[in-house]
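J.:
Number of protein chains: 2
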Amino acid sequence: MTVKLTLDEGIALGRKVLHAAGVSDANATAVAQALVAAEADGIASHGLSRLPAYADQARAGKVDGKAMPTVEQTAPATLRVDARDGFAFPAIDLGLARIAAVGANAGVVALGIANSHHFGVAGHHVEKLAERGFVALVFGNSPSAIAPWGGSKPLFGTNPIAFACPRATGAPLVVDLSLSKVARGKIMVAAQKGEAIPKGWALDAGGHPTTDAKAALDGSMLAMGDAKGAALVLMVEILAAALTGSQFGYEASSFFDAKGPPPRVGQFFLAIDPLRIAGPSFAPRVDALLAAIVAQPGTRLPGDRRLKLRAAARRGGIAVPAALHADLTARAGG
Amino acid sequence: MTVKLTLDEGIALGRKVLHAAGVSDANATAVAQALVAAEADGIASHGLSRLPAYADQARAGKVDGKAMPTVEQTAPATLRVDARDGFAFPAIDLGLARIAAVGANAGVVALGIANSHHFGVAGHHVEKLAERGFVALVFGNSPSAIAPWGGSKPLFGTNPIAFACPRATGAPLVVDLSLSKVARGKIMVAAQKGEAIPKGWALDAGGHPTTDAKAALDGSMLAMGDAKGAALVLMVEILAAALTGSQFGYEASSFFDAKGPPPRVGQFFLAIDPLRIAGPSFAPRVDALLAAIVAQPGTRLPGDRRLKLRAAARRGGIAVPAALHADLTARAGG
Chain P
-15 MTVKLTLDEG
-5 IALGRKVLHA
5 AGVSDANATA
15 VAQALVAAEA
25 DGIASHGLSR
35 LPAYADQARA
45 GKVDGKAMPT
55 VEQTAPATLR
65 VDARDGFAFP
75 AIDLGLARIA
85 AVGANAGVVA
95 LGIANSHHFG
105 VAGHHVEKLA
115 ERGFVALVFG
125 NSPSAIAPWG
135 GSKPLFGTNP
145 IAFACPRATG
155 APLVVDLSLS
165 KVARGKIMVA
175 AQKGEAIPKG
185 WALDAGGHPT
195 TDAKAALDGS
205 MLAMGDAKGA
215 ALVLMVEILA
225 AALTGSQFGY
235 EASSFFDAKG
245 PPPRVGQFFL
255 AIDPLRIAGP
265 SFAPRVDALL
275 AAIVAQPGTR
285 LPGDRRLKLR
295 AAARRGGIAV
305 PAALHADLTA
315 RAGG
Chain Y
-15 MTVKLTLDEG
-5 IALGRKVLHA
5 AGVSDANATA
15 VAQALVAAEA
25 DGIASHGLSR
35 LPAYADQARA
45 GKVDGKAMPT
55 VEQTAPATLR
65 VDARDGFAFP
75 AIDLGLARIA
85 AVGANAGVVA
95 LGIANSHHFG
105 VAGHHVEKLA
115 ERGFVALVFG
125 NSPSAIAPWG
135 GSKPLFGTNP
145 IAFACPRATG
155 APLVVDLSLS
165 KVARGKIMVA
175 AQKGEAIPKG
185 WALDAGGHPT
195 TDAKAALDGS
205 MLAMGDAKGA
215 ALVLMVEILA
225 AALTGSQFGY
235 EASSFFDAKG
245 PPPRVGQFFL
255 AIDPLRIAGP
265 SFAPRVDALL
275 AAIVAQPGTR
285 LPGDRRLKLR
295 AAARRGGIAV
305 PAALHADLTA
315 RAGG
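Heads up: the sequence lines are chains P and Y, in that order. Sequential numbering from -15 applies to the first sequence in this note's numbering. Sequential numbering from -15 applies to the second sequence in this note's numbering.
1) Please confirm whether ARG321 of chain P has its beta-carbon closer than 9 Å to some beta-carbon of chain Y.
2) Nearest CA to the CA of GLY282 of chain Y: which residue from P:ALA148, P:GLY117, P:PRO132?
3) When the distance is taken between beta carbons, is VAL15 of chain Y closer than 9 Å to TYR38 of chain Y?
4) Looking at chain P, which residues of the stretch 128 to 149 of chain Y have a Cβ within less than 8 Å of any of its Cβ atoms?
5) Unbroken beta strand (DSSP E) runs of length 3 or more, entirely within the stretch 157 to 201 of chain Y: which are they?
6) Can you name the residues of chain Y whose CB is closer than 7 Å to the CB of LYS198 of chain P?
7) Thinking GLY141 of chain Y and SER29 of chain Y are a contact (beta carbons under 8 Å), I'd like their distance in whole angstroms, please.
8) So for LEU121 of chain Y, helix, strand or coil by DSSP?
9) How about VAL122 of chain P and PHE240 of chain P: are their beta carbons less than 9 Å apart?
10) So who's on the other strand from ALA207 of chain P, going by DSSP bridges?
11) Assuming MET208 of chain Y and GLY229 of chain P form a contact by the criterion Cβ under 8 Å, report the distance between their Cβ atoms to the nearest whole angstrom.
12) Among the residues of its own chain, which have a CB less than 6 Å from the CB of ALA199 of chain P, if the five just before and after it don't count?
13) Going by DSSP, name the residue or residues bridged to PRO305 of chain Y.
14) So, is the C-beta of THR54 of chain P closer than 9 Å to a C-beta in chain Y?
15) Given a cut-off of 9 Å, decide if ILE27 of chain Y and VAL86 of chain Y are closer than it, judged by their beta-carbon atoms.
16) Buried or exposed: where does PRO74 of chain Y fall if 16 or more other Cβ atoms within 10 Å of its Cβ makes it buried?
17) At the level of alpha carbons, what is the spacing between PRO305 of chain Y and ASP25 of chain Y?
18) For PHE71 of chain Y versus VAL55 of chain Y, is the C-beta spacing smaller than 9 Å?
19) Looking at the structure shown, is THR54 of chain P part of a helix, part of a strand, or coil, going by DSSP?
20) Is it buried or exposed, LYS112 of chain P, if we count other Cβ atoms within 10 angstroms and call 16 or more buried?
21) List the residues of chain P that ASN99 of chain Y touches, going by C-beta distances under 8 Å, in chain order.
22) Where does VAL47 of chain Y sit, in a helix, a strand or coil, going by DSSP?
23) Which ranges does the alpha helix (DSSP H) cover as unbroken runs of at least 4 residues, wholly within the stretch 9 to 39 of chain Y, from first to last along the chain?
24) Skipping 5 residues on each side, what residues in its chain have a beta carbon closer than 8 Å to that of ASP202 of chain Y?
25) Taking the alpha-carbon positions, what's the LEU(-3) of chain P to ALA215 of chain P distance?
26) Counting only Cβ pairs nearer than 8 Å, list the residues of chain P close to THR58 of chain Y.
27) Could you tell me which residues DSSP puts in a beta bridge with PHE252 of chain P?
28) Determine whether the Cβ of ARG68 of chain Y lies closer than 9 Å to any Cβ atom of chain P.
29) Just to confirm the assignment, what range does the alpha helix (DSSP H) spanning ALA278 of chain P have?
30) Taking ILE302 of chain P as the query, report the chain Y residues whose CB atoms sit under 7 Å from its CB, ordered along the chain.
31) In the DSSP assignment, what are the bridge partners of PHE147 of chain Y?
32) So which residues of chain P does VAL119 of chain Y contact, with C-beta pairs closer than 8 Å?
33) May I ask you to list the residues that DSSP assigns as paired with ALA59 of chain P?
34) Assuming GLY107 of chain P is part of the alpha helix (DSSP H), what are its boundary residues?
35) For the 8 Å Cβ check, are there 3 or more pairs between the stretch 88 to 106 of chain Y and the stretch 48 to 67 of chain Y?
36) Taking the alpha-carbon positions, what's the PRO127 of chain Y to GLU179 of chain P distance?
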């Protein structure tokens, strides 16, 4: 059973829930817009389902709902944002706005976000940069879930990478992936149903491959691409945490509950002006490559599904599970 | 049977082979140094075994052995190198030298290398930047080997990613991986021996999974990490080729023979000064993360094996297969 909301209704409900938890209006708006954008793209795991935990964390002070992020230009082409233990979304929005100005001159910008929180759909942030003409990359770290290759204890987060670039025609191309083989949520669902998981998804607490979902939750997740993927996980951990001055996955508290200190993870962005390197050929060449892909039967472009769902949501709204909607409505005080 | 050479003897032999093929002294030196550095690290597939094909390509004009690469600063933080259909190594060396000067001021530099060739061990280039204090990334494309996800015909190269960063103690950390599940060489060896390959390595010409090594060579290779890895392959193709103004994998001629026009692939570098973002905490924090990894039994750090082999090669030289050594000596004219 679901309740249908327009995007504006979803954002308004989200803002009310966050206001009731003591979050400032500017921060509540940034967070609610980001979560509803995830819903619209069909990414419910990063949508309004996150709101109860976000609100609980704001009430508990694990995230500072009134934080005012700061931005500093530290060199002609580098920016540093301190999220100040607040939500990631307003801190990232602040940084992205400055990238546009700095990048138009410098040709490339590096932006580190420190003392941050869960940043939702990684691809949405770089998509905004691509809409402004940049080729953009982001690397984020998250609380530990993946063991180092050969080890047995979670040390790294699932550490997403996202990439976006302009095309000559249509919306930007967006690539967005976490580096775990599967989302942890899939293992949680299997554990709830008492089902086995495929070999290769996870290790038990002793570091041995397991098909037992419950044992996997007590153990660690495997990286996509095995040893190669594990090397990429390490790379992202360094870029997102060490390079931004943030905490590593094994130091960070959970995004899902209100216990403990702020997670203080980091995000690292790079934005490149393709006109300064390839020149005007860039966007038509991307289109030529994408045309060569879709000319092969059985292929589709990354993000195609999201864009279709987004268009449908703009027309027809989003469907929120009734239990979640009731929880949010109660939290909103109405 | 192998012939033992000191590193200097290996470089001298390589230079002679290239001189005999009409390569300029500056270019021959850059190429020979790079190939011997690969040998020293135990990466024979990117070492002197490449030299006969390189020399044949120089003779045929597929690579311009006398090319003089050019570098241009196109914005305060962007550089563009044109390899001018010459070898990649001198072009990259030219770009890396400029990164040091530009990056110290700008805080981050983006460098595109256009009209380039095989760039050998990706990790060696970023390691040089990390030795100068930068956190560095490189993305390269290569002739087509991997089909797009869901498709059946090779479109992308095996597209390496390499990353390096300074540590507080010891040599830089280097991560270096190609995005195919396995090296194509492994499938060639299996085909020669008439052995089967594991499922998941490759597709046949019809796009179906195969364990027949010969069918795999006529088909396409799979990306590491399946659909997620295939998305990364696309990202690297755009960064290395579209963003640098170079040719896509499906447009590029082979690195292994002297047929056809120059491959004109590209490489894209990013170098970030960590002092401008994290500040002086960066290198000690990397060391803390690496210590947390090796504290777990069964783990090792990326590059550990290479560094041990490198130290041994500096003391004891490199072992070149006798047949290759005889070929190189004959090509060197003595």
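No residue lacks a Cβ here, since even glycine has one placed at the ideal position from N, Cα and C. Computed from a predicted structure; not experimentally measured.
T.: Taking the coordinates as given:
1) With chain P represented from -15 up to 318, any question about residue 321 of chain P goes unanswered, as that position is not in the structure.
2) With distances taken between Cα atoms, GLY282 of chain Y lies closest to P:PRO132.
3) In terms of Cβ geometry, TYR38 of chain Y and VAL15 of chain Y form a close pair [threshold 9 Å].
4) If the cut-off is 8 Å between Cβ atoms, the stretch 128 to 149 of chain Y has ALA131, PRO132, TRP133, GLY134, GLY135, SER136, LYS137, LEU139, ILE145, PHE147, CYS149 near chain P.
5) Fully enclosed beta strand (DSSP E) runs of no fewer than 3 residues occupy 157 to 161 of the stretch 157 to 201 of chain Y, in order along the chain.
6) Those do not exist, as LYS198 of chain P stays about 22 Å from chain Y at its closest Cβ, beyond 7 Å.
7) About 15 Å separates the two Cβ atoms, so there is no contact after all.
8) Shown here, LEU121 of chain Y sits in a strand according to DSSP, grouped into three states.
9) Contact flag unset, no.
10) When beta bridges are read from the DSSP output, ALA207 of chain P appears opposite P:SER164.
11) Actually they are not in contact, since the Cβ atoms of MET208 of chain Y and GLY229 of chain P sit about 31 Å apart, beyond 8 Å.
12) Same-chain partners within the cutoff: ASP188.
13) PRO305 of chain Y pairs with Y:THR(-14).
14) For THR54 of chain P, the answer is no, since every Cβ of chain Y falls outside 9 Å of its Cβ.
15) No, Cβ-Cβ distance for VAL86 of chain Y and ILE27 of chain Y is not below 9 Å.
16) With 16 or more other Cβ atoms within 10 Å, it is buried.
17) Cα to Cα, PRO305 of chain Y sits roughly 16 Å from ASP25 of chain Y.
18) With respect to the 9 Å criterion, PHE71 of chain Y and VAL55 of chain Y are not classified as neighbours on the basis of their beta carbons.
19) Correct three-state label for THR54 of chain P: strand.
20) The residue is buried, with at least 16 neighbouring Cβ atoms inside 10 Å.
21) Per Cβ cutoff of 8 Å: no residues; ASN99 of chain Y is ~12 Å from chain P at best.
22) VAL47 of chain Y: coil per DSSP, three-state reduction.
23) You should have 9 to 24.
24) So the qualifying residues of the chain are ASP188, ALA189.
25) It is roughly 41 Å from the alpha-carbon of LEU(-3) of chain P to the alpha-carbon of ALA215 of chain P.
26) In chain order: GLY91, ARG260, ILE261.
27) Partner(s): P:GLY96, P:PHE123.
28) ARG68 of chain Y does not count as touching chain P.
29) Here residue 278 of chain P is Val; the residue named in the question, Ala, does not match the sequence. Residues 266 to 278.
30) Within 7 Å Cβ-Cβ: nothing; ILE302 of chain P doesn't reach chain Y, min ~26 Å.
31) Per DSSP, Y:LEU121, Y:VAL159.
32) The contacting residues are ILE222, LEU223, LEU227.
33) ALA59 of chain P pairs with P:THR62.
34) Per DSSP, GLY107 of chain P belongs to the alpha helix (DSSP H) from 106 to 115.
35) Result yes; three or more Cβ-Cβ pairs closer than 8 Å.
36) Computed Cα separation, rounded: 43 Å.
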